[in-house]
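Novice: This is the structure, below, for whatever I ask next.
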Amino acid sequence: METSTLFILLLALDCGVHALDEGPFTGWFEPVPDKIEGLLPVPSDLIVYQDQNPNVSRSATFKPFENAWGELGSDSVLRNAEWTWRVNVSQFYAPYNGGDVAGPSDRQAFVSQTYDFSWSAEGNISEALDGATGPLCVTQLGAWVDLPVNVTNGLTDGTSCVPALGQACVDAILNKTPPPLGSGEDGCNWGGYGIFDEMPECRDSFGRDRGSFGTFAAGFSLGNTTSQINSGDTFWVNMSGPVLGNETWLYETVANQIQLLLFSVLLPTNTQPNNPTVPGKELLCLRANTTKLPDVDVNKDGVAVVGEVVLLSAGSMARVGSLMYLGLMSLILAVVLG
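In mature numbering (1 follows the signal peptide of the UniProt record, and there is no 0), the protein residues as written are -19 to -1, 1 to 319.
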């Protein structure tokens, strides 16, 4: 099986883990071996293998940009389309490629997380979006965000965020979502950090996170043939640094947490004589593991979050903040598996 990589699709503005020490792997780079700005924590072929053979995987279908269907042209391939979003999470062991790590062995535990989309229409993602050529803007929860257990347990099947966040919060997020302002990644402007937790409608979910909240705000150009993705291609990879201490804790936390993606795009249309495009917005939520978690406030701070509950389930009474972890690195890759 041949493996190739594409030009970068997403740009991480920051990375880290809520309640954990920030690690050395920050920034962004093109996923081409001789152009990587920084060290991969593990061999790239191992990342691809874990993407193909995850420990836990969940997928769900959704109707992409349904809010804009009524304004699309009669020949639209997007109208009535159904896409599938898949989340893969893996824990594995490998030699560590970067720097000195305190530990008895050169084999360290790592956690990887990947996303992909699939659709039935022919062609790449630009063609599946009716030939859109502007930027597809994407933002997601920062890796450090750990939502309350009662919010997380609300999400079971499907990609709707309503069961977890509530209709008012979802509506507020979509209403505040701006259309792309220009071409390429530079056309994406999400308004910086705190765009969700500052909303009164979302106070009971994002507003209860105990850490400094933010999102990744990024995008990729649909009209740039070097950054196209096809149905089934992995378009995002989140790769941890070596995990020390309770090695299963990070994996169980990531597998149980809510994954959230917010998209904004301008879709071509011929139904608007004075406007060749209409804005499309999409908010998706998914959990790789939908097991109901116990709502136990381990450290008695007034809110139970996923990480502390998972730590309790692992049989350790250590505080989450005391774990030594060398960072959750966002390797924003476009890995094409062929």
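Where a beta carbon is used, it is the ideal one built from N, C-alpha and C, also for glycine.
#1: Give every residue of the same chain whose Cβ lies closer than 8 Å to the Cβ of F91, excluding the five residues on either side of it in the sequence, and list them in chain order.
#2: Please give the ranges of any beta strand (DSSP E) in the region 231 to 279, keeping only runs that are unbroken, at least 3 residues long and fully inside the region.
#3: Measuring CA to CA, which of L59, N134, L122, A269 is closest to P249?
#4: Which of the three DSSP states is assigned to T140 in this structure?
#5: Going by the CB atoms, is the gap between V259 and A113 shorter than 8 Å?
#6: Using 10 angstroms around the beta-carbon of S51, count the other beta-carbons present and answer buried if the total reaches 16, otherwise exposed.
#7: P160 to Q89, Cα distance in whole Å?
#8: Can you say whether F43 is buried or exposed, counting buried as having 16 or more other CB atoms within 10 angstroms of its CB?
#9: Here's the rule I'm using: 16 or more other beta-carbon atoms within 10 Å means buried, otherwise exposed. How should N255 be labelled?
#10: Spatial neighbours of Q253 within its chain, please: CB distance less than 8 Å, with the 5 preceding and 5 following residues excluded, ordered by chain position.
#11: Quick check on F46: does DSSP put it in helix, strand or coil?
#12: According to DSSP, S40 sits in a beta bridge with which residue or residues?
#13: Among R39, S40, D97, which has the Cα closest to the Cα of N211?
#14: What are the start and end residues of the alpha helix (DSSP H) that includes T133?
#15: In three-state terms, what does DSSP make of V284?
#16: Using a Cβ-Cβ cutoff of less than 6 Å, which residues in the same chain neighbour G168 once the five nearest sequence positions on both sides are dropped?
#17: Identify whether C118 lies in helix, strand or coil by the three-state DSSP scheme.
#18: State buried or exposed for V277, treating a residue as buried only when at least 16 other CB atoms are found within 10 Å of its CB.
#19: Alpha carbon to alpha carbon, how far is S99 from D214? Give it in angstroms, no decimals.
#20: Could you please give the first and the last residue of the uninterrupted alpha helix (DSSP H) stretch that includes V151?
#21: DSSP has N105 in a bridge; who is on the other side?
#22: Provide the residue span of the beta strand (DSSP E) that contains F91, from first to last.
#23: Would you tell me roughly how many angstroms separate the C-alpha atoms of V37 and L247, rounded to the nearest one?
#24: Would you identify the three-state DSSP class for S221, choosing helix, strand or coil?
Specialist: According to the data block:
#1: P22, V23, Q72, F73, Y74, A75, M220, S221, G222, P223, V224
#2: 240 to 249, 258 to 267
#3: L59
#4: coil
#5: no
#6: Contrary to the premise, residue 51 reads as Gly rather than Ser in this sequence. Exposed, since its Cβ has fewer than 16 Cβ neighbours within 10 Å.
#7: 42 Å
#8: buried
#9: exposed
#10: E52, V259
#11: coil
#12: R67
#13: D97
#14: 130 to 133
#15: coil
#16: P116, P161, L162
#17: strand
#18: exposed
#19: 8 Å
#20: 148 to 157
#21: N211
#22: 88 to 99
#23: 34 Å
#24: strand
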